[in-house]
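Worksheet for the structure shown next.
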Amino acid sequence: MNTIKKMNKWANGHNPFYLLDIARLFLGGFLFFKGLNFMTDAQYLKDIVAPNEEFLSSMLIYHYVTIAHFSGGVLIIFGLLTRIAVAIQIPILIGAVAVNFLVAMHPKNLVEASVILILSVFFVVVGSGKHSADYGLKMEM
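Just so you know, we're using our numbering here: the sequence shown kicks off at 134 and counts up by one.
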């Protein structure tokens, strides 16, 4: 717990203007719209999961990815439970980088997934910032 407090104190002290908040909004918005994209175009995600022939695991992956991106994006946008929401995204993003690198090389998707993965790891370490619901709730206590 002391480690998290130290990381929060450091992040809040080294926050250049609203840069951290803008990056958090970008990450949350991207994940939210990616979740919407997977909801509306289910065939795209099913094609990605197609090498895995087992029905149960492919349906679990499809629902996990869609719900995690959609709900996690909303939580990240508001800055509520940011570290948890981003930590749930990391296995998905590692899988996205692995699929784009090992299975079918799509440079645009590989760069996109890599940047979002790096940004997600950053927010797991740094937290949500001063202008977030987490910070507001912490200050009320």
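C-beta atoms are modelled at their ideal positions from N, C-alpha and C, and glycine is treated no differently.
Could you check if residue i is buried or exposed, using at least 16 other CB atoms within 10 Å of its CB as the buried criterion?
i	result
K139	exposed
S253	buried
D267	buried
I251	exposed
F166	exposed
I227	exposed
A237	exposed
I249	buried
V258	exposed
T136	exposed
Using a Cβ-Cβ cut-off of 6 angstroms (strictly less than) and excluding sequence neighbours within five positions of residue i, which residues of its own chain qualify?
i	result
D154	G262 and H264
G212	S261, S265, A266 and D267
Return the first residue and the last residue of the alpha helix (DSSP H) that residue i is part of.
i	result
G162	L152 to T173
N242	P240 to V259
A237	From DSSP, A237 is part of no alpha helix (DSSP H); its letter is neither H nor E.
G228	T215 to A231
Would residue i and residue j be called neighbours here (beta carbons separated by less than 8 angstroms)?
i	j	result
V219	F256	yes
G161	I225	no
G205	I221	yes
H196	L164	no
I198	L178	The identity of residue 198 in the sequence shown is Val, whereas the question assumes Ile. Yes, the pair counts as a contact, with Cβ atoms nearer than the cut-off.
May I ask whether a heavy atom of the ligand HEM can be found less than 7 angstroms away from the beta carbon of residue i?
i	result
N135	The ligand HEM is not part of this structure, which contains no ligands at all.
Near residue i, what residues of its chain come up, given a Cβ to Cβ distance below 8 angstroms and the 5 sequence neighbours on each side ignored?
i	result
L243	V230, N233 and F234
Keeping to the same chain, check which residues put their C-beta closer than 7 angstroms to that of residue i; ignore five residues upstream and five downstream.
i	result
A246	L226, A229, V230 and N233
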